[in-house]
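The next block holds one structure in the form of structure tokens; read it before the comments.
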Amino acid sequence: MAGSTTGKIRTAVRGLGEIALRVTNLDAMQKFYAEVIGLPLMTRVPNCAFFKIADGFGGHTQVLALFDRSQNPGYRGPDAATSTIDHIAFEIPLANFAYERKRLETLGLQVETTEHAWVHWRSLYVTDPEGNQVELVCYDESV
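Position in the sequence shown (from 1) plus 84 gives the number in the numbering used here.
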């Protein structure tokens with residue numbers, strides 16, 4: 085299997101290029117990812133918004149893209165029952181974990197916390213305006 089932990093086969097993949105979400109309310113989603121998650125807006129055109137997640141590999145910026153599909157003929161919007169997406173995760177520094185939790189709660193968001201001991205991760209989970217679960221995750225060797 086490519087990219088397996090056995091190290092026998094390795095693909096050329098070196099990072100995340102883009103996460104693309106189809107949305108029904110581009111303005112609300114743009115506001116959430118800019119103001120709540122804190123991603124910088126790279127560009128906004130009438131039917132899509134692009135946010136910088138991080139510097140990528142070889143000059144390609146890691147991007148969150150929001151595509152407004154509400155005006156497309158036949159578009160029915162996201163369907164949690166049939167979507168294969170579980171959640172998206174963004175890395176944060178461990179030093180910011182408690183602050184981010186309090187900040188998100190102050191914004192009125194329901195925040196769930198989880199520890200993933202097998203990888204030493206500590207996570208915060210919130211839901212965006214269209215029901216996607218968003219994780220803020222950090223490495224914590226004490227977990």
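Note that CB positions come from ideal geometry on N, CA and C, so glycine has one too.
**Asked** Excluding sequence positions up to five away, which residues of its chain have a Cβ less than 8 Å from the Cβ of Thr127?
**Response** In the sequence shown, counting from the first residue as 1, residue 127 sits at position 43. Excluding residues within five positions, the ones whose Cβ falls inside 8 Å are Ala133, Phe134.
**Request:** Please work out which residues of its chain come closer than 6 Å, Cβ to Cβ, to Ile103, disregarding the five sequence neighbours upstream and downstream, and give them in chain order.
**Result:** Within the sequence shown, residue 103 is the residue found at index 19, counting from 1. So the qualifying residues of the chain are Leu148, Ile172.
**Request:** Tell me whether the beta-carbon of Leu150 lies closer than 9 Å to the beta-carbon of Gln194.
**Result:** Working through the sequence shown from its first residue, we reach residue 150 at position 66. Working through the sequence shown from its first residue, we reach residue 194 at position 110. Their beta carbons are not under 9 Å apart, which means Leu150 does not touch Gln194 by this criterion.
**Rounded distance between the beta-carbons of Leu110 and Asp152, thought under 8 Å** = Working through the sequence shown from its first residue, we reach residue 152 at position 68. Working through the sequence shown from its first residue, we reach residue 110 at position 26. That belief holds up - the Cβ atoms of Asp152 and Leu110 are roughly 4 Å apart, short of 8 Å.
**Asked** Would you say Thr197 and Tyr209 are within 9 Å of each other, going by their C-beta atoms?
**Response** Translated into positions along the sequence shown, residue 197 becomes position 113. Translated into positions along the sequence shown, residue 209 becomes position 125. The answer is yes: Cβ separation under 9 Å.
**Request:** Taking only the alpha-carbon atoms, compute the straight-line gap between Thr166 and Asp224 and give it to the nearest angstrom.
**Result:** For the purposes of this step, residue 166 is identified with residue 82 of the sequence shown, where counting begins at 1. For the purposes of this step, residue 224 is identified with residue 140 of the sequence shown, where counting begins at 1. Straight-line Cα distance between these residues: approximately 34 Å.
**Item:** For Tyr223, the residue or residues it bridges with in DSSP
**Value:** As a working mapping, residue 223 is identified with position 139 in the sequence shown. The partner list for Tyr223 (beta bridge, DSSP) reads Trp205.
**Request:** In angstroms with no decimal places, state the Cα-to-Cα distance between Leu105 and Ile93.
**Result:** Start at 1 with the first residue of the sequence shown, and residue 105 comes out as number 21. Start at 1 with the first residue of the sequence shown, and residue 93 comes out as number 9. Cα to Cα, Leu105 sits roughly 30 Å from Ile93.
**Item:** Of the residues Leu191, Arg206, Ile169, the one placed nearest Asn216, counting alpha carbons only
**Value:** On the sequence shown, position 132 is the one that residue 216 refers to. The shortest Cα separation from Asn216 among Leu191, Arg206, Ile169 belongs to Ile169.
**Prompt:** Do Trp205 and Gly222 come within 9 Å of each other at the CB atom, strictly closer than that value?
**Reply:** Sequence index remark: in the sequence shown, residue 222 carries index 138 (1-based). Sequence index remark: in the sequence shown, residue 205 carries index 121 (1-based). Rather than Gly, the amino acid found at residue 222 in this sequence is Cys. Yes, they are a contact pair.
**Prompt:** Taking just the CA atoms, how far does Ile137 sit from Val129?
**Reply:** In the sequence shown, the residue the question calls residue 129 occupies position 45. In the sequence shown, the residue the question calls residue 137 occupies position 53. C-alpha separation (whole angstroms): 18 Å.
**Prompt:** Should Ser207 go down as buried or exposed, given a rule of 16 or more other Cβ atoms within 10 Å for buried?
**Reply:** As a position in the sequence shown, residue 207 is number 123, starting the count at 1. Looking at its Cβ environment, which holds 16 or more other Cβ atoms inside 10 Å, Ser207 is buried.
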